[in-house]
Amino acid sequence: MVDPAVCSTGLLIGNSRWHWAEFQADRWHFDHSLPDLSRLEITPPVWAAVGPVPETPFLNTVRRLTLADVPVEGCPPWLGVDRALGAFSAWSRSIEQQLDRRAGVLLADAGTVLSLTLLDSAGGFRGGQLIPGLRMQLQAMAAGASGLDLPALDVESPSLFPRETDAAMWRGALQALVGALGEAQRQCGALIWLCGGDAARLKPELIRAGLHVRCDPDLVMKGLVDLIPMISPDPDH
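My numbering applies: residue 19 is where the sequence shown begins, and numbers increase by one.
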């Protein structure tokens, strides 16, 4: 267990949302919000960023986790720290759970973009794929095709071929992600870990397609929490 005396708050600054970890009642709790500077004043966090970083004295650079802090070999300098944290977390938990890693580990982070990150059998970075996520696909269809409006969030249909336009858009976007992830796994044979905001929505579709998936929506933040002890609690050191 992480010593809360080191730091009781973690933050990942995303492109549109902030992802929080807070140590309360002997365990870590995770939540997600729009950018909120007021929360920074309560407890300065250990933090990482893939989105725009606001100018504030409460984000001390000494407490920042960067790609260089994440123990995954072979990461190129352009790799987002969120992908590295998620891959590290998936690999660590695969070891803890004694899962078969002979073909490597494939992390699927289902957020704004579905990012696939492949680790080899030794836990080193192999490469990945970036695929438009569910809402990005729907927004692109609504913006680029005449007669298609952005569908509501509750129009999904269990049918593979819905009759209604909104449900058909949802089904097509889901099937695109299921197909991409299924083909990626077929090619590499790696153990799949699924995380991200759309993980719960995507998991049953992947299972229905015959894929065995380990799912933890907070996998990236758990990776950040695991690395908090690396950061000094004293910003002067």
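Virtual Cβ for every residue (Gly too), placed ideally from N, Cα, C. Here the structure is a predicted model, which means the values were calculated and not measured.
Residue i - containing beta strand (DSSP E), residue span
| i | result |
| --- | --- |
| residue 51 | 45 to 51 |
| residue 213 | 209 to 213 |
| residue 147 | 143 to 150 |
| residue 135 | 131 to 137 |
Between the CA atoms of residue j and residue i - distance to the nearest angstrom
| i | j | result |
| --- | --- | --- |
| residue 39 | residue 221 | 23 angstroms |
| residue 51 | residue 70 | 15 angstroms |
| residue 136 | residue 199 | 12 angstroms |
| residue 208 | residue 112 | 12 angstroms |
| residue 22 | residue 41 | Bear in mind that a pLDDT of 48 at residue 22, under 50, signals an unreliable position, so the number given afterwards is only what the model happens to contain. Whole-angstrom Cα-Cα distance: 7 angstroms. |
| residue 78 | residue 32 | 17 angstroms |
| residue 225 | residue 231 | 7 angstroms |
| residue 68 | residue 28 | 14 angstroms |
| residue 233 | residue 182 | 30 angstroms |
| residue 9 | residue 211 | Residue numbering for the chain in the displayed model covers 19 to 255; residue 9 lies beyond these limits and cannot be assessed. |
| residue 189 | residue 146 | 24 angstroms |
| residue 247 | residue 196 | 37 angstroms |
| residue 223 | residue 57 | 36 angstroms |
| residue 249 | residue 81 | 6 angstroms |
| residue 46 | residue 55 | 21 angstroms |
| residue 100 | residue 227 | 27 angstroms |
| residue 162 | residue 179 | 22 angstroms |
| residue 229 | residue 201 | 10 angstroms |
DSSP bridge partner residues for residue i (one or two, in chain order)
| i | result |
| --- | --- |
| residue 42 | 45 |
| residue 36 | 31, 51 |
| residue 82 | 65 |
| residue 256 | Past the edges of the chain, shown from 19 to 255, lies residue 256, and the structure says nothing about it. |
| residue 125 | 135, 211 |
| residue 233 | 212 |
Pair within 8 angstroms by beta-carbon distance, residue i and residue j
| i | j | result |
| --- | --- | --- |
| residue 203 | residue 124 | yes |
| residue 117 | residue 126 | no |
| residue 66 | residue 103 | yes |
| residue 216 | residue 134 | no |
| residue 107 | residue 237 | yes |
| residue 64 | residue 25 | yes |
| residue 214 | residue 105 | no |
| residue 245 | residue 83 | yes |
| residue 53 | residue 72 | yes |
| residue 166 | residue 187 | yes |
Own chain, CB closer than 8 angstroms to residue i, minus 5 neighbours either side, in chain order
| i | result |
| --- | --- |
| residue 8 | The structure shown does not extend to residue 8, since the chain spans only 19 to 255, so no value can be given for it. |
| residue 148 | 131, 132, 133, 134 |
| residue 185 | 169, 173, 174, 175, 177 |
| residue 95 | 85 |
| residue 90 | 102, 105, 106, 109, 137, 141, 142, 143 |
| residue 205 | none |
Own chain, CB closer than 7 angstroms to residue i, minus 5 neighbours either side, in chain order
| i | result |
| --- | --- |
| residue 168 | 156, 157, 160 |
| residue 194 | 155 |
N-terminal and C-terminal residue of the alpha helix (DSSP H) that residue i is part of
| i | result |
| --- | --- |
| residue 320 | The shown model of the chain, from 19 to 255, leaves out residue 320, and the question about it has no answer. |
| residue 191 | 183 to 206 |
| residue 99 | 99 to 114 |
| residue 223 | 217 to 226 |
Cβ neighbours of residue i in the same chain (closer than 6 angstroms, five flanking residues each side left out)
| i | result |
| --- | --- |
| residue 37 | 30, 50, 239 |
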